[in-house]
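Letter 350 of the sequence shown, counting from 1, is numbered 350 in the numbering used here, and no numbers are missing.
Here a beta-carbon is modelled for each residue, glycine too, at the ideal position from N, C-alpha and C.
Fair warning: this is a prediction, and the values are worked out from it, not measured in the lab.
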Amino acid sequence: MNATSAQRSLADQVIAAIRAVVGAGPVPLHEPSFAGNERLYLQECIDSTFVSSVGKFVDRFEAELAAYTGAKHAVALVNGTAALHIALKLAGVKEGDEVLVPALSFVATANAVTYCGAIPHFVDSESLTLGMNAAKLRAYLNEHTEQRSNQCINRATGRVIRAIVPMHTFGHPVDLEGLLAIAHDFNLALLEDAAESLGSYYRNQHTGTFGLMGTLSFNGNKTITTGGGGAILTNDSALARRAKHLTTTAKLPHAWEYWHDEIGYNYRMPNLNAALGCAQLEQLPAMLDAKRAVFHRYQEAFAPLTGLRVVAEPEHCQSNYWLQTLLLDTAFAEQRDAILKATNDAGFMTRPAWTLMHELTPFKDCPRMDLAGAQSLVQRLINIPSSSRLIA
Ligand SMILES: *Cc1c(COP(=O)(O)O)cnc(C)c1O
């Protein structure tokens, strides 16, 4: 068999396996599902005239998010990027600081760091979790940083490394134990970018509740959606109050006076979006069951294939299986593009992981460790159709 027919053959096998699970195409990568009280709550919200930044659905959505995740507080915001921005700011990230973020992530993680005037410092990933490689990061920090008055100083740049922002890739929990130990030992604030991991647990505790703060996203492509939306989770009541204050233009409560005691942001989630969120949260357990069922069906369908596997939740973790993911064996990496093309041509939307952050123009000069793990992963990852309503 020559190289071309071998490529065609693996791509054809991938198409057949996807079709066996999802049926005939076209099938998008991820689409929202509105199977519950979405219309009812939106209608109620409109009838109340409270469609904007105050209203009972915002309070209810925050209370229900806190109850669901086990966080003491949830603050609902306009999107996940704004949530990251405010969480970083409240963690004390200042102009000229560095913040450790995964090179393998959606651009929002690194963007939010720059909104604070800080510099993203890129960290490598491991293939087990697709998230930050804790052992490699510890060795790197040991070699390249020193502690000065309880601050972690990057010897090469002289800047303070203030925080670390692990991300739970495609819903799979990162090695929190290893990373929390690093945060402790190197005096870093740990913030979880849990944008992709609502419904994912690390050792039976919800992701986003381990660090000082965690952030969620309810964008249209996430597990549940509010149209656009995000939230900060925290167990710290003072931080929750500060988050609410800063994101509501830092206005002091008063019946008629406008008094703002610092520069704030208009980042609050509108009631209309929260109404959608309340209905979506009711659907979440059923969606998670469906996503897990989709994963098992894919695992079965892909089991006979050589050269790739379906990414499964790490040990001691429960993944929400937000985006189903194929990981090609190293020897099959060069077939990725042929598989992407053939599946998309066949009507099954698939896509590669994000371009690594240090390859993007705005971040090309940022500090980074060796990224061999992330570089290898990015050549081998393929997301396949993942909607929760894919199978009945
Ligand atoms: C979706 C996402 C965000 C936030 O996205 P918004 O569209 O601003 O809600 C942040 N980080 C990661 C990793 C994401 O996937």
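Comparing the CB of residue 376 with every heavy atom of ligand 1, is any distance shorter than 6 Å? Locating residue 376 in the sequence shown gives position 376, where the first residue counts as 1. The answer is no for residue 376.
Any idea which residues DSSP pairs residue 290 with across the strands? Your numbering for residue 290 matches position 290 in the sequence shown. Answer by DSSP bridge pairing: none, since residue 290 is not bridged.
Out of curiosity, what's the CA-to-CA distance linking residue 1 and residue 341? Residue mapping note: residue 1 aligns to position 1 of the sequence shown, counting from 1. Residue mapping note: residue 341 aligns to position 341 of the sequence shown, counting from 1. Confidence at residue 1 is low in this model, with a pLDDT of 47, below 50, so the placement of that residue is unreliable and no value is reported for it.
Neighbour-count burial assignment, residue 259, 16 or more Cβ in a 10 Å radius: To locate residue 259, count along the sequence shown from 1; it is residue 259. Looking at its Cβ environment, which holds fewer than 16 other Cβ atoms inside 10 Å, residue 259 is exposed.
Per DSSP, residue 231 forms a beta bridge with which residues? The residue labelled residue 231 in the question sits at position 231 within the sequence shown. Looking at the DSSP assignment, residue 231 forms a beta bridge with 76, 216.
Between which two residues does the alpha helix (DSSP H) harbouring residue 147 extend? In the sequence shown, residue 147 corresponds to position 147, counting from 1. Unbroken run through residue 147 is the beta strand (DSSP E), 145-148; no alpha helix (DSSP H).
Residue 165 to residue 187 span [Cα, whole Å]: Walking along the sequence shown from the start, residue 165 turns up at place 165. Walking along the sequence shown from the start, residue 187 turns up at place 187. Answer to the nearest angstrom: the Cα atoms are 13 Å apart.
When you compare only the Cα positions, how much space is there between residue 62 and residue 42? Here residue 62 refers to the residue found at position 62 when the sequence shown is read from its first residue. Here residue 42 refers to the residue found at position 42 when the sequence shown is read from its first residue. Linking residue 62 to residue 42 through their CA atoms gives a straight-line distance of about 17 Å.
Kindly indicate the opening and closing residues of the beta strand (DSSP E) around residue 224. As a working mapping, residue 224 is identified with position 224 in the sequence shown. That residue, residue 224, is in no beta strand (DSSP E); it is neither H nor E in DSSP.
With H, G and I counted as helix, E and B as strand and the rest as coil, what does DSSP make of residue 376? The residue labelled residue 376 in the question sits at position 376 within the sequence shown. In this structure, residue 376 counts as helix in the three-state DSSP scheme.
Which ranges would you report for the beta strand (DSSP E) in the segment 88-127 if only whole runs of at least 3 residues count? 98-102, 119-123
Starting from residue 241, follow its DSSP beta bridges and name the residues at the other end. Here residue 241 is taken as the residue at index 241 of the sequence shown, counted from 1. Its beta-bridge partners do not exist; DSSP assigns none.
Give the secondary structure of residue 260 by DSSP, where H, G and I count as helix, E and B as strand, and everything else as coil. As a working note, residue 260 is residue 260 in the sequence shown. In this structure, residue 260 counts as strand in the three-state DSSP scheme.
Counted within 10 angstroms of its Cβ, other Cβ atoms place residue 54 as buried (16 or more) or exposed: Residue mapping note: residue 54 aligns to position 54 of the sequence shown, counting from 1. Per the 10 Å Cβ criterion, exposed.
Can you say whether residue 147 is buried or exposed, counting buried as having 16 or more other CB atoms within 10 angstroms of its CB? Taking the sequence shown and counting its residues from 1, the one referred to as residue 147 is at position 147. The residue in question, residue 147, is exposed, as its Cβ has fewer than 16 Cβ neighbours within 10 Å.
Segment limits, beta strand (DSSP E) that includes residue 165: In the sequence shown, residue 165 corresponds to position 165, counting from 1. Where residue 165 is concerned, there is no enclosing beta strand (DSSP E), given that its DSSP letter is neither H nor E.
Is the Cβ-Cβ distance between residue 176 and residue 140 less than 7 Å? The residue you call residue 176 lines up with position 176 of the sequence shown. The residue you call residue 140 lines up with position 140 of the sequence shown. Cβ distance not < 7 Å, so residue 176 and residue 140 don't count as in contact.
Mapping DSSP to helix, strand and coil, what is residue 192? As a position in the sequence shown, residue 192 is number 192, starting the count at 1. DSSP places residue 192 in strand when its eight states are reduced to three.
Relative to ligand 1, is the shortest distance from any of its heavy atoms to the C-beta of residue 193 smaller than 6 Å? In the sequence shown, the residue the question calls residue 193 occupies position 193. Yes, Cβ of residue 193 sits closer than 6 Å to a heavy atom of ligand 1.
Using a Cβ-based criterion (distance less than 6 Å to any ligand heavy atom), does residue 196 qualify as near ligand 1? By one-based count along the sequence shown, residue 196 stands at place 196. Answer for residue 196: yes, Cβ within range of ligand 1.
According to the neighbour-count rule (16 or more other Cβ atoms, all chains shown, within 10 Å of its Cβ), is residue 40 buried or exposed? Residue numbering aside, residue 40 sits at position 40 when the sequence shown is read from its first letter. Residue 40 should be labelled exposed.
Do residue 328 and residue 380 have their C-beta atoms within less than 7 Å of each other? Along the sequence shown, read from residue 1 onward, the residue named residue 328 stands at position 328. Along the sequence shown, read from residue 1 onward, the residue named residue 380 stands at position 380. Taking 7 Å as the Cβ cut-off, residue 328 and residue 380 qualify as a contacting pair.
Where does the unbroken alpha helix (DSSP H) through residue 43 begin, and where does it stop? The residue you call residue 43 lines up with position 43 of the sequence shown. 38-48 is the extent of the alpha helix (DSSP H) around residue 43.
Take every Cβ of the segment 105-116, pair it with every Cβ of the segment 75-90, and state whether three or more of those distances are shorter than 8 Å. yes
Quick one: grab the DSSP three-state call for residue 202. The count along the sequence shown starts at 1 and reaches residue 202 at position 202. Correct three-state label for residue 202: strand.
Using a threshold of 7 Å, state whether the C-beta atoms of residue 228 and residue 320 are closer than that. Translated into positions along the sequence shown, residue 228 becomes position 228. Translated into positions along the sequence shown, residue 320 becomes position 320. The answer is no: Cβ separation not under 7 Å.
Is it true that the segment 66-80 meets the segment 231-244, where meeting means three or more beta-carbon pairs spaced less than 8 Å apart? yes
Buried or exposed by the 16-neighbour rule on C-beta atoms within 10 Å, applied to residue 318: Here residue 318 refers to the residue found at position 318 of the sequence shown. By the neighbour-count rule (16 or more Cβ atoms within 10 Å), residue 318 is buried.
Residue 129 to residue 373, Cα distance in whole Å? On the sequence shown, residue 129 is found 129 positions in, with the first residue counted as 1. On the sequence shown, residue 373 is found 373 positions in, with the first residue counted as 1. Approximately 12 Å, taken between the alpha carbons.
Nearer than 6 Å: is that true of the beta carbon of residue 167 relative to any heavy atom of ligand 1? In the sequence shown, counting from the first residue as 1, residue 167 sits at position 167. Of the heavy atoms belonging to ligand 1, at least one sits nearer than 6 Å to the Cβ of residue 167.
Please name the residue, chosen from 167, 172, 144, that lies closest to residue 159 on a Cα-to-Cα basis. As a working mapping, residue 159 is identified with position 159 in the sequence shown. Considering only alpha carbons, the answer is 144.
Under the criterion of a Cβ to heavy atom distance below 6 Å, does residue 320 qualify as lining ligand 1? What you label residue 320 is simply residue 320 of the sequence shown in a count that begins at 1. Residue 320: no, Cβ never under 6 Å from ligand 1.
Could you tell me which of 184, 326, 105 sits nearest to residue 295, measuring between CA atoms? Within the sequence shown, the letter at position 295 stands for residue 295. For residue 295, the nearest C-alpha among the options comes from 326.
Exposed or buried, what is residue 205 when buried is set at 16 or more other beta-carbons lying within 10 Å of its beta-carbon? As a first step, residue 205 is located in the sequence shown; it is residue number 205 there, counting from the start. Per the 10 Å Cβ criterion, exposed.
Which residues does DSSP pair with residue 383 in a beta bridge? On the sequence shown, position 383 is the one that residue 383 refers to. Answer is 325, 351, bridged to residue 383.
Could you check how far apart the C-beta atoms of residue 197 and residue 207 are, in whole angstroms? I think they sit under 8 Å. The residue labelled residue 197 in the question sits at position 197 within the sequence shown. The residue labelled residue 207 in the question sits at position 207 within the sequence shown. Between residue 207 and residue 197 the Cβ distance is about 4 Å, and since that is below 8 Å, they are a contact.
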